[in-house]
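Protein chains in written order, with my numbering: chain A, 30 to 364; chain B, 109 to 396; chain C, 699 to 1203.
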Amino acid sequence: MSIDKVVNSAPRAIEVLGGDLTESSLKRYLNGIPGVDAVGLEARAADLGTRSIKTTSKAWALDTIISLIDLTTLEGADTPGKVRSLVAKGLTPDAGDPSCPRVAAVCVYGDMVPYAVEALGAFHGDGIEGGINVAAVATAFPSGRASLAVKLADTADAVAAGADEIDMVIDRGAFLSGRYGLVFDEIVAVKEACRRADGTFAHLKVILETGELNTYDNVRRASWLAILAGADFIKTSTGKVAPAATLPVTVLMLEVVRDWYRLTGEKIGVKPAGGIRTSKDAIKYAVAIAETAGEEWLQPQLFRFGASSLLNDVLLQRQKLATGHYSGADYVTID
Amino acid sequence: MSRLAVLKTYKLYIGGKFPRSESGRVYEIVGSSGEFLANAALASRKDARDAVVAARGAVSGWSKATGYNRGQVLYRIAELLEGRRAQFVDEIVAVEGVNSAVAAAQVDAAIDRWIWYAGWADKYVQVAGNANAVSGPFFNISVPEPTGVVAIIAPQDSSLLGLVSAIAPALVSGNAVVVVASERFALSAISLAEVLATSDVPGGVVNVLTGSPAEIAPWLASHADVNALDLLGAGELDWVDLQIAAAETLKRVLPPEGGSSAAAAAPSLERITAFTETKTVWHTKSLI
Amino acid sequence: MSFLEYAAAPESTALLNLQSEYGLFIDGEFVAGSDPTFSTISPATEKHIATIATASAGDVDAAVAAARRAYEKSWSTLSGRERGKYLFRIARLVQERARELAVAESLDNGKPIKESRDVDVPLVAAWFFYYAGWADKLDYAGLGASPRALGVAAQVIPWNFPLLMLAWKIAPALAAGNTVVLKPAETTPLTALLFAEIVQQAGLPAGVVNIVTGAGETGRALVDHPDVNKVAFTGSTAVGREIARSVAGTSKRLTLELGGKGANIVFDDAPIDQAVEGIVRGIFFNQGHVCCAGSRLLVQENIHDEVVERLKTRLQTLRVGDPLDKNTDVGAINSAEQLQRIRQLSDIGEAEGAERWSPACDLPTEGFWFAPTIFTNVSTSSRIARDEIFGPVLSVLTFRTPAEAVAKANNTPYGLSAGIWSDKGSKILAVADKLRAGVIWANTFNQFDPASPFGGYKESGYGREGGKQGLAAYLQAAAAAPAVSATAATAAPAVSATVTKEVAR
């Protein structure tokens, strides 16, 4: 598939690379991006991780973290019942504390979208105050090993079922073998498949699966590629490959969206997913966001945590701050 | 009828050329029984300055040459010295008043010393440098490098061996030297310069001044473009003042040893590393 | 309230158990000094911390005498293995009291607690641990079999890394078998005195470590003392020069770690985000009170504007303030005198036409503070491009080619450190070869390790600290080698002892 077929749908790439968008011009552009020194990046991430977030800052951070969570279940054993339970948890994270914010979204497989939408009822909603979005993984998640037609059908199906957000995976095999055009085209095509009947789009999160891209240089190039192709969010991982989200990878992706903003004035979201289980870790990400991309990224439109067990740990910490004593696992609900 | 000998004019050796002293001054070199042997150039402070300029200009090329190359150049000196062995023996006999066997032993030792040091040029880094196991994701290595321009006061009690013992180790790592020869035994120094000029030693790498160490040394010790000072042959001078002058620009100083300075200049790795600087390089190391 | 205005996160000072007054530590005991006492203050608040004794020439004499006795009676007779065990003990005691030492250091010096906690104190323990292991392996130090200690070492250290510089000095000296008299800087004596307590806890024989406090006069008396065998100094080039003069003609061995004006070279193929971090670490680490600071940024002309812009953005997240707050990045300037110097040189920079910029930051009203500062449009001849400022002040210069970068980097009487930022390994190695500096950091900056030799070229001093070289600086070969006969040249003594004077290491 050649890029020429979809150039009209990739306005960002045309804006940045110019009109004669080809695989080789894309390659030249991506290869011209400055490299990443892994040691320096990891040291920077570790340094951000030493920030000490206390008292009022911690309280604000914990509430913000909850509001940024894509509460996730992505199991072969998922059932409508499990999804309903997840939605209930997302709407009322702490049954004993109505002041507790809601999560940003629930994230499920495509076939579970109708159940999530149904369970949310009036609380389903992009942009509705207090509403929760439904995010669906698509494009033959997690491997992405299916034909483009299947991936597009997968996407369109989830959007038709009411998904507000699509979490697609890139073709890592194509990326690693240098077929950047193919990866690009697929993202553009999936973006198009996110179009709803009314002409609006479901938000597109592009999963890079950084654990398979392996190097930071690859992550940086793939991040740029995904943004150029139209991603609303760049997301680290499926959660099915180790390592999933790490702080250095997230800092790197935050640097990319910061640079994109510097270049174009447009803000792109970042979603680390998988492996973030504790408040302590999540706060490190919050610090990294604020000090890398900026505080304005600490909102659901621009940052998400893809997580399941994180929520309860944040609730335990939140209870500790409220009551002054340590809480226990029996005082938060399992979904 | 006997043939009238053609006498040599002994001049300075600066930047690969043999100029007279810019001051126009000479002093008499006399034999052991006081007979006139030659007029040697009596170097001035300006000659010393010119020598430092020449040495500075030579540092870059000489220090950049590979150790293998420097080793061969130093070995080449020994080859040429061997070929002119008789001339050096005659000069030493005339100047020092020793018999030809003693003079020959000195020349042989000097030749062998060049060879000993020549062999170090591509090895001293391995012996004096090291890889460092730091606790972090870094490649870390320490290597000795030449200090730069080394000013040397040569041993005063030796024509050739003392001189060679002082300059050879400084050359091994790639320093350029300005050497003040033995005041009385200056002839071998200029003859050695002729050897250097016809060997493969680049001009300016060795600069030889004859004359009064007491007069020239303070100018070298205080010269800001001199990096190190070897006071090997300065035992009879006010060498503490020289050391104090050298402190102004934090020169590395090798003070004189007691006793015979030629003996003190026994061949040693320390004489090489004395005029080196350890450089440590860190580089990040990561697979991803 | 902005999230970035992190709520106060003060490190507790409750674990500090300071005395109100400290004497001199001589012969294993704290004793009163003969000269009038002085006060050590917190540079962040100007508040009094403790009263400190001043060692007179007589007190210094007593300390040197104690060190001499300890050297002859106990320390030199101890096996390397036993000496090493004492040093291991010290390393462990430092680890055990790490937090206390970090708090005391930040209090007395003004450096951020995150640096004293994560850099200074861990390195202090590492330094003792590293050299402890050398104590019974001196045969491998490069001086041949059974090298000997020098005797009594006089050590004078600066105020920028008070406890770490103490460790750099004391650990190798003791491992090699010397005894020491150390003088900390007058503005930062506190941790050296806590270290004296550690020496007591370790049960070190009396007199092996002596700490004398005071100002320049005390230091001069120590360095000039006729019964010291070794002088080790870290500090300004001006004082180093004075010391080099004063030991001229003596048999004292000398190592000097002096000033610097390190070039941090950023090529256009650099990993740019890490380079920006490295620039920040290079000049704003420890308020720029670092002899090896990357105080001259040499940036390739074609990326100058971008680098400066990114740097300015980054600097806006630096948190200047209370050294004891765990989120502070830049602490207090160590003294009023130093603040005065930084202000003066910065004003000169401005007067010479350089463009001055600092991020908006509210500086405390009490104490000594200076906002992180960048000067652009700096010419090579400007004072701020040549003089060591020793503060959080960066001068930005440009270059066009690698050769020009090298030439500009080397165009200084100093030669302590340099940084290179590029993704091209071949270029890094070639540039590293050509830089006349003792420590080169490629794609990193301000890294330190006990195994890594540290020290300068040219007027940045001589001798190395750290590693095998740092150990050798406190040793001499077994015995002066017999005079080698003229014919012995072919019998190469691998490591002869004929050159015992310390010059280059």
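Each residue gets a CB set at the ideal place from its N, CA and C atoms; glycine is no exception. Values in this document were obtained by computation on a predicted structure and should not be read as measured data.
I need the boundaries of the alpha helix (DSSP H) containing residue i, first residue and last residue.
i, result
"T279/A", "276-293"
"R133/B", "Where R133/B is concerned, there is no enclosing alpha helix (DSSP H), given that its DSSP letter is neither H nor E."
"I219/B", "208-228"
"A894/C", "888-899"
"F965/C", "Here F965/C belongs to no alpha helix (DSSP H), and DSSP marks it neither H nor E."
"K264/A", "Looking at the DSSP string, K264/A is not in any alpha helix (DSSP H); the run it does join, the beta strand (DSSP E), is 262-264."
Opposite residue i in the DSSP bridges: which residues?
i, result
"I260/B", "V287/B, D338/B"
"L1095/C", "L996/C"
"I739/C", "H746/C"
"N1108/C", "DSSP lists no partner for N1108/C."
"T121/A", "T121/A pairs with nothing; no bridge assigned."
"W1055/C", "I1072/C"
"E385/B", "E253/B"
"Q853/C", "L880/C, A930/C"
"V135/A", "L100/A, V163/A"
"R224/A", "F230/A"
"D196/A", "V166/A, K234/A"
"L362/B", "D338/B"
By the three-class DSSP mapping on this structure, what secondary structure does residue i have?
i, result
"R951/C", "strand"
"L188/B", "helix"
"Q1174/C", "strand"
"A751/C", "strand"
"P310/B", "coil"
"N240/B", "coil"
"N715/C", "coil"
"P1100/C", "helix"
"I297/A", "coil"
"I941/C", "helix"
"Q1014/C", "coil"
"W1119/C", "strand"
"T392/B", "strand"
"E1163/C", "strand"
"P708/C", "strand"
"G905/C", "coil"
Sorted by chain position, which residues of the same chain lie with C-beta nearer than 6 Å to residue i's C-beta, five sequence neighbours on each side aside?
i, result
"T743/C", "E1064, G1065"
"W326/A", "I318, F332"
"D457/B", "Residue coverage of chain B in this structure runs from 109 to 396, which leaves residue 457/B outside it and unanswerable."
"M282/A", "S252, I263, V299"
"L46/A", "S54, Y58"
Contact defined as beta carbons within less than 8 Å: I believe residue i pairs with residue j. What is the distance between those atoms, to the nearest angstrom?
i, j, result
"V142/A", "V116/A", "Rounded, the Cβ-Cβ distance is 11 Å, inconsistent with contact."
"I896/C", "L791/C", "5 Å"
"G929/C", "I941/C", "The residue you asked about is not Gly; residue 929/C is Val in the sequence shown. Confirmed, Cβ separation roughly 6 Å."
"I82/A", "V316/A", "7 Å"
"P1111/C", "T386/B", "Not a contact, Cβ separation roughly 19 Å."
"A255/A", "I199/A", "7 Å"
Can you list, in chain order, the residues of its chain with a C-beta nearer than 8 Å to that of residue i? Leave out the 5 residues immediately preceding and following it.
i, result
"G282/B", "V167, W170, S171, K172, A173, R178, E253, P254"
"A900/C", "Y784, R787, I788, L791"
Taking the beta strand (DSSP E) that residue i belongs to, which residues open and close that run?
i, result
"L345/A", "Premise fails: L345/A lies in the alpha helix (DSSP H), 339-352, not in any beta strand (DSSP E)."
"G254/B", "Sequence check: residue 254/B is Pro here, not Gly. Where P254/B is concerned, the enclosing beta strand (DSSP E) stretches over 246-254."
"M141/A", "Note, M141/A: premise wrong, no beta strand (DSSP E); not H, not E."
"D99/A", "98-101"
"F1146/C", "Here F1146/C belongs to no beta strand (DSSP E), and DSSP marks it neither H nor E."
By Cβ distance, which residues of its chain are closer than 7 Å to residue i, with the 5 residues on each side in sequence left out?
i, result
"S732/C", "S754, G756, D757"
"S356/A", "L345, Q348, K349"
"G1165/C", "A1149, S1150, P1151"
"S774/C", "A847, G875"
"A830/C", "G782, L785, F786, A789, A873"
Can you tell me whether residue i sits near the ligand PLP, meaning its C-beta is under 6 Å from at least one heavy atom of the ligand?
i, result
"R779/C", "As presented, the structure is devoid of all ligands, the ligand PLP included, so that no description of it is given."
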